[in-house]
Amino acid sequence: MKRTKINQLITENIEHPEVTVKGWVRTRRDSKGGFSFLEINDGSCLKNIQVVIDHSVESFIKFSGNLHTGSSVAISGALVRSQGKEQGVEIQAKELTVYGGADPESFPLQKKHHSFEFLREIAHLRPRTNTFGAVMRVRNRLAFGIHKFFNDKGFVYLHTPIITAGDCEGAGELFQVTTLDLDNIPHIDGKIDYKQDFFGDKTGLTVSGQLQGETYAMALSEIYTFGPTFRAENSHTSRHLSEFWMVEPEMAFYDLDDDMDLAEEFIKFLFHDALSHCADDLEFFDKRIHPGLLDNHRLICDAPFERVDYSKAIELLEKSNAKFTYAPEWGCNLQAEHEHYLSETVFKRPVMVYNYPEKIKPFYMKANEDGKTVRAMDVLLPKLGEIIGGSQREDDYDILLKRMSDKGIDEKEYQWYLDLRRFGSAPHSGFGLGFERLVQFITGMENIRDVIPFPRTPKNAKF
RNA sequence: UCCGGCGUGGCGCAAUGGUAGCGCAUGCGACUGUUAAUCGCAGGGUUACUGGUUCGAGUCCAGUCGCCGGAGCCA
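Per my numbering, residue 950 is the first one in the first sequence, and the count goes up by one each step.
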């Protein structure tokens, strides 16, 4: 008999004379009344399906000793109204198969709460918990939503390279990629001879696909990248990973206002899409992980985002009576506490801060006429903080060249990038969104290591 | 990289420098259309590692490793 997913049976909530489910046993409760209750989960939804199996069923007698929390099973029987209060329907089992048992003495997952720190040590088994099942279903929906949003708008999904040459993109430390014999590194003139390396050049894992993305935006008009990104920073916080996924749209003929319009529409779409397609999972997060989560999400869906000039934002912070650990000062980056104050106390809604000082932003952002600021923007969400950083890109060859030399960047490495300004240059803009931070924000999970299947952090590449 | 906290049965935690305990889980038994079921009994430990102080160290000191949080940096 063909297997039906548990999600479908519970959602339809109607009786069937004969169904088959396959999944993993979450709990088993024996009754001396001559039958047992099993809770089966197959990952299709948060809920388990309850199975009632009589101890006289032949296959139960055969498999009973091997039927514990963690075992994988197939169960056939009638789907009927449940006598219990916790579920609408349940299966009266006629037949049971145990594919693989799980020794209760050594199976690490118990019918109780586990700390996320402990679950990280068994990252290969944690998807069998409620929380991680829910996180990965939401993560999947968000990934799908990203593709849907851009595809519906006619953006081209662009695959930018994972291995890149050059080491001064300015977006964090590179992981080096080499096939040189580390016990016998070739030197020339006292320096490592990268001519002998695999690519004939010093190479590393990408820290951003933006610059390559710009080249295709200058041909296909609107593109986006969505792929893995690597930073060899020795940062040990709940918001950083050494390997993470990034979404980077890049649009020709967009100015900074167009960029902000798109970012706002994008965020609202993703939150709305997750709310409507992952309702059960998000309700679980609201109840168990982060109370108030859903109210916050609805606010983000409904309220228009506030837009405030950086200089005005500094003024607002200086005027405020709030006590900050770091005093706000024009020319400095906004601290996390400043960002929270703006979105939560001043505006009480998502905020986009734009026109940042030139000194604290990278070379590729377009200079304003004031000579002091660039057309950069950050999207700040209440309670959640910064989720997007973007800018209009500098499209003037001479200005870009000057900014590169001011920041000590070797123009020879970026000749191809400068060429975009020599041949048919056009105004263009883009932004970047850290995918795991988005998943973190939407699920309310506190630690970024718990929203990616196998987190890579300093000193940890297990699994 | 810097600052701070932590490391004790499978898991979560306790123990004034003086016999390493408790809850959950596990095993066995009782009871029950149960819902993280409940009740009783039992088994389970080189207190992260190395060295030091002390009559005596889970506890104090030094170092190492790991985990967690924050800063910086960023997404």
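Note that CB positions come from ideal geometry on N, CA and C, so glycine has one too.
Note that the structure is a prediction, hence the values are computed from the model and not measured.
Quick check: the stretch 953–968 against the stretch 1183–1190, are there 3 or more CB pairs under 8 Å?
Output reads no: the stretch 1183–1190 does not touch the stretch 953–968.
Are ASN962 and VAL1038 touching if we call contact CB-CB under 8 Å?
For ASN962 and VAL1038, yes; Cβs fall inside 8 Å.
Relative to the C-alpha of ARG1090, which candidate in HIS1004, ARG1077 and ASP1222 has its C-alpha closest?
Considering only alpha carbons, the answer is ASP1222.
Determine the extent of the beta strand (DSSP E) in which HIS965 is found, giving its start and end residues.
Looking at the DSSP string, the run of the beta strand (DSSP E) that includes HIS965 is 965–980.
Please check the pair SER1340 and MET1314, which I expect to be a contact at CB under 8 Å, by giving their CB distance rounded to whole angstroms.
With 8 Å as the limit, SER1340 and MET1314 qualify as a contact, their Cβ atoms being about 4 Å apart.
For THR1406, which residues in the same chain have their Cβ closer than 8 Å to its Cβ, ignoring the five residues on either side in sequence?
Correct list, in chain order: HIS1185, HIS1189, LEU1190, SER1191 and ARG1398.
Return the bridge partner residues of ASP1003 from the DSSP annotation.
Partner(s): PHE984.
With a cut-off of 8 Å on the beta carbons, I'd call HIS1073 and MET1200 a contact; round off their distance for me.
40 Å between Cβ atoms; not a contact.
What are the uninterrupted segments assigned as beta strand (DSSP E) that are 3 or more residues long and contained completely in the stretch 1252–1303, given in chain order?
Complete beta strand (DSSP E) runs here, min 3: 1255–1258.
Could you check whether GLY1176 and HIS1108 sit closer than 8 Å to each other, using their CB atoms as the reference points?
Against a cut-off of 8 Å, the Cβ pair of GLY1176 and HIS1108 comes out as a contact.
Mind checking whether ALA1042 and SER1020 have CB atoms under 8 Å apart?
Not a contact, by the Cβ cut-off of 8 Å.
Would you mind giving the Cβ-Cβ distance between VAL1006 and LEU987, rounded to the nearest angstrom? I have them listed as a contact below 8 Å.
About 12 Å separates the two Cβ atoms, so there is no contact after all.
Based on the DSSP secondary-structure assignment, which residues constitute the bridge partners of GLY1334?
DSSP output for GLY1334 lists LEU1330 as bridge partner(s).
Tell me the DSSP bridge mates of SER1025?
Paired residues: THR969 and GLU1044.
Contact defined as beta carbons within less than 8 Å: I believe LEU1414 pairs with VAL1196. What is the distance between those atoms, to the nearest angstrom?
For residue 1414 there is no data in the structure shown, the boundaries of the chain being 950 and 1412.
What would DSSP say about GLU1395, mapped onto helix, strand or coil?
Correct three-state label for GLU1395: coil.
Taking the continuous beta strand (DSSP E) assigned at GLU1318, which residues delimit it?
Careful: GLU1318 lies outside any beta strand (DSSP E) and carries neither H nor E.
Ordered along the chain, which non-local residues of its own chain (more than five positions away) have a Cβ less than 6 Å from that of SER1260?
Nothing listed; no residue qualifies.
Given VAL1047, which residues of its chain have a CB within under 8 Å of its CB, disregarding the five upstream and five downstream residues?
Cβ neighbours of VAL1047 beyond the five flanking positions: PHE1012, ASN1015, LEU1016, SER1020, SER1021 and VAL1022.
Between the stretch 1347–1357 and the stretch 1375–1393, do three or more beta carbon pairs fall short of 8 Å?
Contact fails: fewer than three Cβ-Cβ distances are below 8 Å.
Where does ASN1409 fall in DSSP's three states?
It is a strand residue.
Apart from the five residues on each side of it in sequence, which residues of its chain come closer than 7 Å, Cβ to Cβ, to LEU995?
These residues qualify, in order along the chain: ASN1079, GLY1082, ALA1083, ASP1229, ASP1230 and PHE1233.
Would you grab the beta carbon distance between PHE1215 and PHE1098 for me? Rounded to a whole angstrom, and I think it's under 8 Å.
Contact flag correct, Cβ pair sits at about 6 Å.
Please classify ASP1139: is it buried, with 16 or more other beta-carbons within 10 angstroms of its beta-carbon, or exposed?
It is Gly, not Asp, that sits at residue 1139 in the sequence shown. Result: exposed.
Smallest Cα separation from TRP973: which of ILE1134, GLY1280, SER993 and LYS1272?
Of ILE1134, GLY1280, SER993 and LYS1272, the residue nearest in Cα terms is SER993.
I'd like to know whether the C-beta atoms of CYS1250 and LYS1217 end up nearer to each other than 8 Å.
Cβ distance < 8 Å, so CYS1250 and LYS1217 count as in contact.
Quick check on DSSP: helix, strand or coil for ALA1168?
Here ALA1168 sits in helix by DSSP.
Which first and last residues belong to the alpha helix (DSSP H) in which ILE955 is found?
Its alpha helix (DSSP H) spans residues 955–961.
From which residue to which residue does the beta strand (DSSP E) around HIS1096 run?
Note, HIS1096: premise wrong, no beta strand (DSSP E); alpha helix (DSSP H) at 1079–1101.
Looking only at its own chain, which residues have a Cβ that is under 6 Å from the Cβ of MET1353, when we skip the five neighbours before and after it?
So the qualifying residues of the chain are PHE1312 and GLU1360.
Find the nearest neighbour of GLU964 within the set THR1018, ARG978, ALA1027 and SER1008, judged by alpha-carbon distance.
Taking only the C-alpha atoms, the option nearest GLU964 is ALA1027.
Going by other Cβ atoms of all chains shown within 10 Å of its Cβ, with 16 needed for buried, is THR1294 buried or exposed?
When all chains shown are included, THR1294 counts as exposed.
Considering ALA1455, what are the terminal residues of the beta strand (DSSP E) in which it resides?
Past the boundaries of the shown model lies residue 1455; the chain is included only from 950 to 1412, so the question cannot be answered.
So what does VAL1038 bridge to, in DSSP terms?
According to DSSP, which records beta bridges pairwise, VAL1038 is partnered with ARG1030.
Would you give the residue range spanned by the beta strand (DSSP E) that LEU1382 belongs to?
Unbroken beta strand (DSSP E) run through LEU1382: 1377–1383.
Find the nearest neighbour of PRO1404 within the set PHE1179, GLN1284, ARG1371 and PHE1254, judged by alpha-carbon distance.
Of the listed residues, the one whose Cα sits closest to PRO1404 is PHE1179.
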